[in-house]
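Quick notes on the structure that follows.
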Amino acid sequence: QQVSECYLTESIDVIGICEKCTSYQRRSKANGCLPTGYRELVLCTKSNIKTNRSCQMPVYIQKQHFWLFEVMMIIVGLIAIFSAQSRQKILDKQMVEKIKKQIGESDE
Numbered sequence: 284q285q286v287s288e289c290y291l292t293e294s295i296d297v298i299g300i301c302e303k304c305t306s307y308q309r310r311s312k313a314n315g316c317l318p319t320g321y322r323e324l325v326l327c328t329k330s331n332i333k334t335n336r337s338c339q340m341p342v343y344i345q346k347q348h349f350w351l352f353e354v355m356m357i358i359v360g361l362i363a364i365f366s367a368q369s370r371q372k373i374l375d376k377q378m379v380e381k382i383k384k385q386i387g388e389s390d391e
């Protein structure tokens, strides 16, 4: 594989899947890893050069991230609902006790 940007000027054949760059490749600024953190192997048809180019995050990974986010938001929402209901019950009990105390004091 050569470091070339022939894919900008030539037609290409994608010969490798879009995959995540390793942390070492990102740190060393390997060909195609910088913009998105994902790269794919391409063959420039005119010059017959194999090189890597940056590619977008695969759709299946985007879907996984979306559903993970949705599940996390549901969990946060449920925690908020249960904590609000619990707090409301505590406040209701305090109010009932306060009313009972006031009624008990007024009888005397």
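In the numbering used here, the protein residues as written are 284 to 391. In this text, a Cβ means the ideal position worked out from N, Cα and C, and glycines have one as well.
Of the other Cβ atoms in all chains shown, fewer than 16 fall within 10 Å of the Cβ of GLU353; this residue is therefore exposed. In the DSSP assignment, TYR307 falls within the alpha helix (DSSP H) that extends over 306-310. Looking from the CA of LYS333, the closest CA among LYS303, TYR290, ILE364, GLN385 belongs to TYR290. For ILE364, the secondary structure class from DSSP, reduced to helix, strand or coil, is helix. SER330 and ILE357 have their C-alpha atoms spaced approximately 52 Å apart. In terms of CA proximity to GLY320, ARG309 leads the group LEU326, ARG309, GLN347, VAL379.
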